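Protein chains in written order, with numbering that gives the first Met the number 0: chain A, 0 to 284; chain B, 0 to 284; chain C, 0 to 284; chain D, 0 to 284; chain E, 0 to 284; chain F, 0 to 284. Glycine included, each C-beta is placed from N, C-alpha and C at the ideal position. Values in this document were obtained by computation on a predicted structure and should not be read as measured data.
6 protein chains.
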Amino acid sequence: MAFEYRPMRSVIYVDCVREEYRHRLQHWLYSVHVPDSISKFAPYCNKYTFYNALPVPPEGERFGTRRMQMTEHYWMVNEMTPEMSVNVFTERMPPIVLRWQGMIPDVDLTPEQSANMDGDTHRASGGDNGMPPFVFAHVPINWQYDYKGKGRTLDDGPNYRWQFVLRWPCEKTGEKWFEEVFVPYFQSRPEVNRFVSSRIYHDVVGCQFHRLVEMWFDGPDEWYAAAVEGTRDMAQPDWAKEAPKEAPQAQFPFLKPNHYIVGMFLSDMAASDNLTQYRGYLQMR
Amino acid sequence: MAFEYRPMRSVIYVDCVREEYRHRLQHWLYSVHVPDSISKFAPYCNKYTFYNALPVPPEGERFGTRRMQMTEHYWMVNEMTPEMSVNVFTERMPPIVLRWQGMIPDVDLTPEQSANMDGDTHRASGGDNGMPPFVFAHVPINWQYDYKGKGRTLDDGPNYRWQFVLRWPCEKTGEKWFEEVFVPYFQSRPEVNRFVSSRIYHDVVGCQFHRLVEMWFDGPDEWYAAAVEGTRDMAQPDWAKEAPKEAPQAQFPFLKPNHYIVGMFLSDMAASDNLTQYRGYLQMR
Amino acid sequence: MAFEYRPMRSVIYVDCVREEYRHRLQHWLYSVHVPDSISKFAPYCNKYTFYNALPVPPEGERFGTRRMQMTEHYWMVNEMTPEMSVNVFTERMPPIVLRWQGMIPDVDLTPEQSANMDGDTHRASGGDNGMPPFVFAHVPINWQYDYKGKGRTLDDGPNYRWQFVLRWPCEKTGEKWFEEVFVPYFQSRPEVNRFVSSRIYHDVVGCQFHRLVEMWFDGPDEWYAAAVEGTRDMAQPDWAKEAPKEAPQAQFPFLKPNHYIVGMFLSDMAASDNLTQYRGYLQMR
Amino acid sequence: MAFEYRPMRSVIYVDCVREEYRHRLQHWLYSVHVPDSISKFAPYCNKYTFYNALPVPPEGERFGTRRMQMTEHYWMVNEMTPEMSVNVFTERMPPIVLRWQGMIPDVDLTPEQSANMDGDTHRASGGDNGMPPFVFAHVPINWQYDYKGKGRTLDDGPNYRWQFVLRWPCEKTGEKWFEEVFVPYFQSRPEVNRFVSSRIYHDVVGCQFHRLVEMWFDGPDEWYAAAVEGTRDMAQPDWAKEAPKEAPQAQFPFLKPNHYIVGMFLSDMAASDNLTQYRGYLQMR
Amino acid sequence: MAFEYRPMRSVIYVDCVREEYRHRLQHWLYSVHVPDSISKFAPYCNKYTFYNALPVPPEGERFGTRRMQMTEHYWMVNEMTPEMSVNVFTERMPPIVLRWQGMIPDVDLTPEQSANMDGDTHRASGGDNGMPPFVFAHVPINWQYDYKGKGRTLDDGPNYRWQFVLRWPCEKTGEKWFEEVFVPYFQSRPEVNRFVSSRIYHDVVGCQFHRLVEMWFDGPDEWYAAAVEGTRDMAQPDWAKEAPKEAPQAQFPFLKPNHYIVGMFLSDMAASDNLTQYRGYLQMR
Amino acid sequence: MAFEYRPMRSVIYVDCVREEYRHRLQHWLYSVHVPDSISKFAPYCNKYTFYNALPVPPEGERFGTRRMQMTEHYWMVNEMTPEMSVNVFTERMPPIVLRWQGMIPDVDLTPEQSANMDGDTHRASGGDNGMPPFVFAHVPINWQYDYKGKGRTLDDGPNYRWQFVLRWPCEKTGEKWFEEVFVPYFQSRPEVNRFVSSRIYHDVVGCQFHRLVEMWFDGPDEWYAAAVEGTRDMAQPDWAKEAPKEAPQAQFPFLKPNHYIVGMFLSDMAASDNLTQYRGYLQMR
C-alpha cells in the first residue's frame, strides 16, 4: 500500500442561492461539516480555511460570482486514491445543503432524495443536470504564473481579491487567448495591483476547469473599471463564437457564468482557520 | 480608589457605507483594533466578540439596518469611570474609520482631521452633526424581558436574528406604546419564534437609546412578513405624529432610521470570539 | 438591576447507572452540553471542568459513589437570581439523560416525558421520587477547613482523591459528631495524606447537603484500610440510630448512600478544562 | 540521508494491572510522557491522541481487553529508521511504568532495574518474559477493508467501539479462517453496526500481530450478544487445535488473551488530542 | 464568608544574581511555577504574564535594576484574606529559587533550609536579612497619574520601558519631592515619551514601597541621557541627606538600589501570557 | 510540477548589534515577521520556533556568539525550488532590520536602500560585504552524530546549550581535525554533558557552513572551563595557520568569529512556538 506525498491546495466556491438559506448553510458548515471534516482529514490536511464571500459587485453575476464562501485546503496526499477510500465514519451531507448551494434545483426533496449523501457524491453534484457544477479545484501549493505586482506586501494596503476558475470550450484556443489577450490586457490596467495564476490538476477529482486566476484591486470600483468598463470593446474571441453554449456572452468574460467561469470576491483574511481556531459551535446569547 | 463590580453587556452596530470600504474596515478591525482592544481590556472584559451583519433584507434600510458587524463585550467594570481613565497606550482610531462607518461625511479629510482620535472621542462621534450616531449600548448581562418563545433550543433550528435599539422621542409615551402595541403585535405573529428585550443603561456612555430588542425568525422572508407586510395597517402612534423629525416615517417602525432605530440581522454564530480565537492577522496566500 | 459579585465553586456528581449508557452520556455531555453551557455562561463562569470518576473501589457503593464524572464550575455571580433568569436560548436537556444518570427510573419514557427540560427542572430532578438526588453543591472558592496535610505539593506524589457531600438527618448533631468523631478519626489515620472541607451554601440552588469533604490517599487500598477496615468498630452515632431512614447502615458512613452521602473518587487531573481545551466534538477515525 | 514519506497510523494499548496504579499511570502519562513526546516528535507526527478505555465488559478478559487507554499517532515518517535514531534528549520512561502496565512482573524493582529506559527498550518490553507484549501496531492511515456499515454517520448514534489486534499462530490458516468464518459471522450479526480492518506492518517496530480490527455496537450488551453468546457454538478452528499454547481457549476468540488477541473498548471521542489540547499538567484545587 | 470584588494588578521583579542560574530559574519558572500557579489561581486571576528583563543599561545597577523578569497578575480578589487561606495543594517553592533570585545569600543551603517553602514565606523573603526584598506590589488595575505623553499609540514606535517602585525613607517628604522635583524634571526631558504612576496598596501583602512609576524612552541611550547624565546636577534632597542608610547615593536616584528603588527595563511585549499561551514545558530537540 | 518530500530543520542565528535596537528588532519580529511568516509557510512548515539568546559569556565574542535569538523551522519541502518561487504576497523586510542584526553597516540608509527587500535578498545579505553573513543552515530533522551523553533526560537537570555552525577554510582538513582533535577533546571534558552534530546541506540556500554542533553544559562557568580555559594549550591546527584570514585566532576556536564560527547560548525552552502559541502582537498596558 503506497501513499504518495503530493502536496496540493484546493479551492471550493460555495454559493448561497437565496438569503433565506444563508444562516442555515452557515449553521451546517460550522456545526456539522467542520467537526466532521477535522475528524476525517486532520492527519493529512495541513490547512483548512473558510473565506467569506464579499457581496457581488455590479455585473458580478456575469462572472459566475458565488455568494457564500471559498473553502480552502492544503493536502499532503490525494484523498481520492484507492488507499484512502475506506472511512470508518461518513460525513453528514444531506441533499438540502446542495439545494441551498444551487447544485440541485431549489424545490422540495422527496424522502428518497433526502438520505445522507457521501462526500464524493456530494462533491460530484451539479453540472450534468443543468445546474452549476460543484467547483473543487486542486492546484500546486504555490502559484505557478506571476503576471504582475510581485513584491506587494501587506503594508501596500488591504486588497480586494478576485479569484476565479476558467473552463475553456477548447483548451488550446482558450489558453492561447489567455496568454495573448487576457494576460496583457490585465497587466496593462492600472487598477490591477497583483495578478497570478495556476493550472488546475485534472487527475484528482476530475475537475473540468483549466485555470485558477487571482487578481487584486483596491476595491470593487477599480474591479469594475478594469473588468467591465475596460473590456467593453474587447473583441469576442473566435473560440467563443464557435461555442455559443459554453460562451454565450458577447462581452468579456464571454464564458457561461457559474458553469465556465466561477469565482468570488475575497478580502485578505480568513473567516476561520478551522484547524487552529475552531472551538465548537458556540451560539450568541 | 474603588472599583465597583458591575457586569454589563454592550453592543455596537458597525456600518459600512460603501462596498469600496468593506475590506478596509475589516482589515483595520482585525489587524489593528482587535490587538489594541485585547491589550487594553483583557483584564476586565470577559467576552469580546464580532458577529457579521447578514445582508440587508428588502426595506431593511427603513429600520436603520447597519451593514458591517455587531461588536459585543461583556464587562466586569464600567470602563468609563475616573478610576479607569488613565491608559498607558491609546488605541489607534484614525478618523477615516469613522468615514467608512458613516459617522462622519464620506469626503476627504484635512490633515488636521486625520490625527489619531482617542477612543472616547471616536465613540462619541456621529449624531450631533447630522450623521448617524455611534451606537454603544450597555445592558444587563442577561435579558430582562421575555416576551415569547422561552425554551427554544438550538435543535429547533438556526435562527435569523433581528436585533436593534430604539430611541423614543418621548420615553414615557414610547414605552407605553411598546408595551401596548409593539409587544402584543409581535407576540401574535406566527413568524416570531423568540422575542426578548432589555432597557439600556444611560449612565455608562450616555447612550440615548432606550431599549435593546431581539426577535428570531426562520429567515428574511418571515421577517418581511411580520415586520413589513403585517405592519402596513398599524396606526401611526401619536408620539410619532408629534415628533416628525425623530419619527418621519408614516409606516412602522415610524422612527428615523439609523438615528432613532438602529439594528442588524445576525445569525446564531459569532464570526470571531476574539479573546479565545484571535491568532494575529494572518493573510491568505 | 443589581448583580452581586459572589464567587463560588460548585460541584456536580454525575452517575452512570449502566455501562450500556456510558458512551451515550459522554457523547451528550461533550457534543451537546459543553457547547450549550459555554455559550450560556462563559461571560460569568471562570472555570468549567470535567473530572472523570475513577472506578468504584470495593464497598464504594455504601458510600454513595457515583460513576461518571464530577463537573466543577467557578462562578462570579449566582446564576439563580431573578436578574439571571431570562436566557435567549435554552440548554438541550432531554429526560433520557436523567435516566442514564439514575435521577429518574431506568424505564422507557412516554413521549410526553421526552420533551426537552429546562436546566432548572433538570437539576431539580431526583430525590423526591425515591431516586437519588441530583447533587449540585455550591461552596466558597477556597476550602474552609484544613484538617490535615497542609503543605503537600505535587512532588509528594499523585493523589487518590475521595470527594463527597454529606447530609445530616439533623445538622446540629451531625456537625457535632463530624467534629468530635469523624475529623479526629481520619486525622489519626496514617493513610490520610490530606483532609479539607467546606460547608455548602443552601441559598443558591436549595442544596440539602451540609458539607463537602475531600481526603487524599495513595490509592484505593489505603482508602479501604482507613474508610472501611478502620471504621468497622466505629460506634453507630445516636443521630444515626434516631434516623433509620436517612442513616440505615450500621457501619460507617451510616448514612443512606447516594441520598445522604454522595461522592466520587478522582485523580489530580481534569479530563477536560472546557473553557480552554474544548475544540468541538471530534471523533476517532 | 534520505527520509521517506511514509504516512502511518499506530495504536498502543495501555493496560493498568491494578486500580492502585491507575492515577499514578495517568499522572506519568500526562505530566511526563506527553510533554516529552510532543517535544520529540511534533515535527513529524500529525496527530497524537489518547482514548480512554471503557470498563471491561463481562468475559472481556478472555478477549485480551486492556484497561487504561489507547494511544494513537499519525506519523509522516518511520521513526525507527537509522536516520531518526539520534535524539538529543531521551524520554523519561522508568521501569515502574511498565510494571503498572503489566509488561513486567508486579514486584518491587531492584535499583539496577530502576534506571531510566530508552523508548525502544520500553516499547520492546513484555512478550518474551511470559508477560503480555507491549502492543505498538502500525497500519495505513486509512482502513483497508470495509466489511460492514459503510455510510454510518455520527447522527446514527454514539458507538461502542471494539478495537483489537490479532496474531495468528499461522498467518496463512489464520487469515483464511478470518475471511471465511470470522468476517461472515460478524457481518451477519444484527448487533454489528460497523466493521473494518487493516493489516499490520511488520517492518516498522517488528510488531508480531497480523490484523487490526474494529467493530461498532450500540453498547456492551450488544457486544456480548454477538461476541460471546453468539459464538458459543462456533467450531474451534483447526489452527487453534494445532496451537494450544497460542490458542488455548475452546471458545471464541480461541487465541491466548493479552498475547495473541489484545484490544480495548472505546467511545467515539478522544480523551485528549495532545497536539492541540495539551496545556500542561494542571491540577484540581 | 464574604469575598470582596477587588480588582488589582500586581508586579513582581525577579532578579537573577548570576548567569550560572538564569536557565535554571527559567526552567523552574516555566516547568514548575507556571502550572502550579495556573492550577491555584486561574479561577480568580484574569491575567498572568511574564515580561523578560532587557539587559541592564550602563549605571542601571544604581537604580536597582533586576535581571530576570517582571511577573504581572490581574486579580479579582485579594488572595491574602482569611477566606482565601486554605489551599488543597501547595506551590513548589524550594529555597534555592530564592538564592538564584538574590533573596537569600548565594551559599549552599543546609538540608533543613531546603524544605519546600509555602508561597507566603517565599514572597516574604529578603529585606530583613540584609538581602534585597522580594518585591510584590499591588496597584489599581489602571494607572492613577498621567504625567506625560497621553495619546501615544503603538504606531508611534516600539518603547523602551523603565518601570520601578520607590520606597521613601519618609513618605511625606518623599512624595513632596516626587511631585515638585521628580515629576517636573522628567516631564521636561525630551527623551521621555510617556510617564505614568500609581500609588502602591500597603494592605495587601504589606509591601513597603510607595509608588510604581513607568516611563518610556526610545532606547537605553535616551534613558541614560535623561536619568543619568541629565540628573548629575540634581540637588541631593534633604530627605536623602537625613536618611543615609536608605538613601546612600549622592546622585539621583539617591535611594539605596535594590532596597528602596527596584525596577526593570522592559519592551512592549509579554514573553508569555501564561493563561492563554502556556502549553506545558516543551523542550528543544 | 513535482514537490519532493524533503523534511529538514533549519536554524538562523539573529544578532542584535546594539542594545538600542533590541526592543525594535523584537517588535519587528513579533508584530510583522511572525504573522507574515505563518501566513506564507504554515501549509508546509511543521514547526516555527524562536529561542532567546542567553547573554554572551566571557570571551563568547571570540566564538561568534550572536545576541538576539535562534529561529528554528521544520520544513516538509525545500522552499527554494522553482516550484515554490511564486508568492502572492511578499514578506515585509525593510533593510533597517538587517542593520539592527549587523548584516549591513550600522549607518543611516539612503532612501533607495530603504525599499522593502524580498526574503531571499534579505537572507542573502552579509558575508560578501565584509559584514558577517546571514546564517541560515539546513540540516536533517534528527541529529546525525551522537558523540556524548546519549540517554540524558530532562530530569538530569536544565541545560546550558551551546549551539554553533562551523565553516572550514578547507573542508577536508577541517573535518579531519574535527574528528581527530575537536571531538575527542570535548568528549573527554567532564563539563560536557551532551554533544551532538550534523552536517549542513549546501544545496538548499547555498549555506557555506559545514557543520552544526550542539553541546550541553551545566552553565556558563562549565562552558568557560571546557571551551576557553581547557583549550589554551590546544595546538593551532595547520589548516588554521594556512588560512589566516579565515582563521585569525591563535587560540581555539581559531576561526574568524561571526564569519567562520557563529553560534549562540540557549536554554532548553522555546521563547515562542509560533504556530501554536502566537496570538497577535499584544502589548503591556
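Cβ separation of residue i and residue j, assumed to be a contact under 8 Å, to the nearest whole Å
{"i": "ASN141 (chain C)", "j": "VAL85 (chain E)", "result": "6 Å"}
{"i": "PHE208 (chain B)", "j": "LEU165 (chain B)", "result": "6 Å"}
{"i": "PRO56 (chain B)", "j": "PRO219 (chain B)", "result": "4 Å"}
{"i": "TRP215 (chain D)", "j": "PRO168 (chain D)", "result": "Not quite, the Cβ-Cβ distance comes to about 28 Å (not below 8 Å), so this is no contact."}
Residue(s) in a DSSP beta bridge with residue i
{"i": "GLY173 (chain B)", "result": "GLY173 (chain B) pairs with nothing; no bridge assigned."}
{"i": "LYS46 (chain E)", "result": "E:TYR73"}
{"i": "HIS32 (chain A)", "result": "In DSSP, HIS32 (chain A) forms no bridge with anything."}
{"i": "SER187 (chain C)", "result": "The partner list for SER187 (chain C) (beta bridge, DSSP) is empty, contrary to what the question assumes."}
{"i": "ARG8 (chain F)", "result": "F:TYR73, F:VAL138"}
Beta-carbon gap between residue i and residue j smaller than 8 Å
{"i": "MET67 (chain B)", "j": "LEU24 (chain B)", "result": "yes"}
{"i": "GLU221 (chain B)", "j": "GLN162 (chain B)", "result": "no"}
{"i": "ARG278 (chain F)", "j": "TYR277 (chain B)", "result": "yes"}
{"i": "TYR132 (chain C)", "j": "SER113 (chain C)", "result": "Sequence inspection shows Pro at residue 132 (chain C); the Tyr mentioned does not correspond to that position. Contact flag unset, no."}
{"i": "PRO6 (chain A)", "j": "MET75 (chain A)", "result": "yes"}
{"i": "LEU274 (chain B)", "j": "ALA41 (chain B)", "result": "yes"}
{"i": "ALA246 (chain A)", "j": "GLU190 (chain A)", "result": "no"}
{"i": "GLU18 (chain D)", "j": "PRO54 (chain C)", "result": "yes"}
{"i": "ARG151 (chain C)", "j": "ARG193 (chain C)", "result": "yes"}
{"i": "MET268 (chain B)", "j": "ALA52 (chain B)", "result": "no"}
{"i": "PHE251 (chain E)", "j": "ARG210 (chain E)", "result": "no"}
{"i": "TYR4 (chain A)", "j": "TYR184 (chain F)", "result": "no"}
{"i": "ASN77 (chain F)", "j": "VAL203 (chain F)", "result": "yes"}
{"i": "LEU265 (chain D)", "j": "MET283 (chain C)", "result": "yes"}
For residue i, the nearest candidate out of the options (CA to CA)
{"i": "ARG61 (chain E)", "options": "E:ALA270, E:ILE260, E:SER271", "result": "E:ILE260"}
{"i": "GLY101 (chain B)", "options": "B:GLU78, B:THR64, B:PRO110", "result": "B:THR64"}
{"i": "LYS39 (chain E)", "options": "C:GLU178, C:GLN248, C:TYR73", "result": "C:TYR73"}
{"i": "ARG71 (chain C)", "options": "C:GLN186, C:ALA136, C:GLY129", "result": "Checking the displayed sequence, the identity of residue 71 (chain C) turns out to be Glu instead of Arg. Among C:GLN186, C:ALA136, C:GLY129, the Cα nearest to that of GLU71 (chain C) belongs to C:ALA136."}
{"i": "SER9 (chain E)", "options": "E:VAL195, E:GLN248, E:THR48, E:PRO110", "result": "E:THR48"}
Residue i versus residue j - alpha carbon distance
{"i": "CYS206 (chain F)", "j": "MET83 (chain F)", "result": "19 Å"}
{"i": "ALA234 (chain D)", "j": "LYS175 (chain D)", "result": "15 Å"}
{"i": "MET79 (chain C)", "j": "ALA226 (chain B)", "result": "34 Å"}
{"i": "ARG21 (chain A)", "j": "VAL96 (chain A)", "result": "11 Å"}
{"i": "VAL31 (chain C)", "j": "THR89 (chain C)", "result": "12 Å"}
{"i": "VAL134 (chain F)", "j": "GLU228 (chain A)", "result": "51 Å"}
{"i": "PRO243 (chain D)", "j": "LEU254 (chain D)", "result": "9 Å"}
{"i": "VAL106 (chain F)", "j": "ILE103 (chain B)", "result": "44 Å"}
Any non-hydrogen atom of the ligand GDP closer than 7 Å to residue i Cβ
{"i": "LEU53 (chain B)", "result": "The ligand GDP is not part of the structure shown, which contains no ligands of any sort."}
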